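Below: the structure, in structure tokens.
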Amino acid sequence: MIHERSDCSFFMITKRPERIAEHLPKNWGYGWEHVTIAVTCENQAMADKRLPVYLSLPLFHHSVMIEPMLTAVDLRPYIDGYRSSDGSPVIKHVSIGGESGPGARICDYSWVEAVHAQCIENGISFNYHQTGAKLIKDGKLYDIPRKLQHTQAHKAGLDT
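Following this line, the structure appears as structure tokens:
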């Protein structure tokens with residue numbers, strides 16, 4: 134059905150990129166333009182585990198979600214190490230969000246800014262879609278109510 138509905142956009146997210154290849158349809162080729170399969174990486178250890186597998190997959194769009202962002206994440210090895218034939222990064226989009234809900238862990242705004250800078254430097258689109266419930270900015274801890282987390286992230290002005 135997904136292949137037949139090229140008039141619709143499909144967006145799927147996984148933390149198990151090692152399972153993607155075995156579940157792609159036979160006529161997948163290098164992916165379909167209307168389908169995005171994204172991978173989540175909540176910290177550097179998971180980025181180092183998941184991104185080499187994910188970025189080697191035949192996907193039309195490679196999108197990385199760092200959510201919930203629990204530590205600093207350096208994407209430079211994956212931006213520099215995985216390039217398209219035209220020299221552009223294989224990663225086309227990065228989205229970041231802090232953790233929400235009871236018991237949410239801290240997200241440091243400097244981590245968000247660092248990934249944003251890596252994306253800007255390499256022409257990768259970026260979206261900061263949610264602060265999370267606990268955000269450190271300039272050394273101060275903010276407890277942000279759920280209803281304001283998206284609005285406050287948008288006010289940061291980091292989206293490209």
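Here the numbering used here is used: the first residue of the sequence shown is 134, the next is one more, and so on.
For glycine and all other residues, C-beta sits at the position ideal for the given N, C-alpha and C.
Quick caveat, the model's predicted, so the values are computed rather than measured.
Buried or exposed by the 16-neighbour rule on C-beta atoms within 10 Å, applied to residue i
| i | result |
| --- | --- |
| D219 | exposed |
| R183 | buried |
| H249 | buried |
| Y211 | buried |
| S196 | buried |
| C141 | exposed |
| T169 | buried |
| Y163 | exposed |
Residue i to residue j span [Cα, whole Å]
| i | j | result |
| --- | --- | --- |
| I229 | P201 | 8 Å |
| H287 | R149 | 29 Å |
| T173 | L274 | 25 Å |
| E166 | I224 | 15 Å |
| L291 | G234 | 23 Å |
| S189 | V206 | 19 Å |
| H255 | A289 | Reading off the sequence shown, one finds Asn at residue 255, where the question assumed His. Their backbone Cα atoms lie some 20 Å apart in a straight line. |
| L192 | Q282 | 31 Å |
| W161 | R138 | 14 Å |
Beta-carbon separation (whole angstroms), residue i vs residue j, contact threshold 8 Å
| i | j | result |
| --- | --- | --- |
| M198 | A171 | 5 Å |
| E175 | L203 | 5 Å |
For residue i: DSSP bridge partner residues
| i | result |
| --- | --- |
| Y275 | L268 |
| S196 | A171 and H226 |
| M145 | I170 |
| R216 | P222 |
Residue ranges of each alpha helix (DSSP H) within the stretch 226-268, 4 or longer: 242-255
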